[in-house]
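> Provided herewith is a single structure, encoded as C-alpha cells, for subsequent inquiry.
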Amino acid sequence: MKLRSVPLPLDEANAFVAQHHRHHKPVIGHKFSIGAALGEKIVGIVIVGRPVSRMRDDGATLEVTRLCTDGTKNACSFLYGAAARAAFALGFSRIGTYTLPEEGGASLRGAGWKLIGERGGGAWGRQDRPRVDKHPTQGKLLWEAGA
C-alpha cells in the first residue's frame, strides 16, 4: 500500500500527538493539519501553524509545530513534503521547523528541506515572570523549505 495525505481536524491531529509524540503535548491552534494514511489507518500527522518565534512571524512563513508517526517507514518525509506543498499552494513563501540536535534530520533532507543553522534554546520563565518548562530547552536546529 501507498501513503496518501488526508486533511485532519485539529482535535484528531492532537489526539495522535497525545498518543505518539515523544516530548511535546498537543497544540492550541493551527493553520492546517494533514494525516498520512495507509489504507484507512492514520500512521502519522503534521500540524502547521504560525511561527512560534515572533521574529519569524512575517505573514509569509508557516511552521511545522508538531509532526509524529507510529514508526511507519517514510511517513515523516511524506508529511514534511505534504506540509510544504500545502503551504506553498496557500500562498506562503516559507515553511520551517525545529528539531533537537539528536534527531538527525534525515526525513527533512529526504523531503528537500535545508538546514538553516542552530538556534538557541532557553526557558520561557524570567526572574520577574517564573514559568515551568514543559518542553526541551536546549538549542535546536532550524530547517526550511522555500517556494
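Mapping to the UniProt record's numbering: the sequence shown position 40 is 40, numbers consecutive.
Beta carbons: idealized from backbone N, C-alpha and C, even for Gly.
1) Return the CA-CA distance between I34 and A145, expressed in angstroms with no decimal places.
2) DSSP state of D133, grouped into three classes?
3) I need the boundaries of the alpha helix (DSSP H) containing F32, first residue and last residue.
4) Hey, quick one: how far does the beta strand (DSSP E) through L67 stretch, first residue to last?
5) Between residue 150 and the rest of its own chain, which residues show a CB-CB distance below 6 angstroms, the 5 nearest in sequence each way excluded?
A quick look at the data gives this:
1) As a position in the sequence shown, residue 34 is number 34, starting the count at 1. As a position in the sequence shown, residue 145 is number 145, starting the count at 1. Rounded to the nearest whole angstrom, the C-alpha separation of I34 and A145 is 17 angstroms.
2) As a first step, residue 133 is located in the sequence shown; it is residue number 133 there, counting from the start. Its pLDDT being 47, under 50, D133 is placed unreliably in this model, and the coordinates cannot settle the point.
3) Reading the sequence shown from its first residue, position 32 is the one you call residue 32. From DSSP, F32 is part of no alpha helix (DSSP H) but of the beta strand (DSSP E) over F32 to L38.
4) By 1-based counting over the sequence shown, the position of residue 67 is 67. Annotation for L67: the continuous beta strand (DSSP E) segment containing it runs T61 to T69.
5) For residue 150 there is no data in the structure shown, the boundaries of the chain being 1 and 147.
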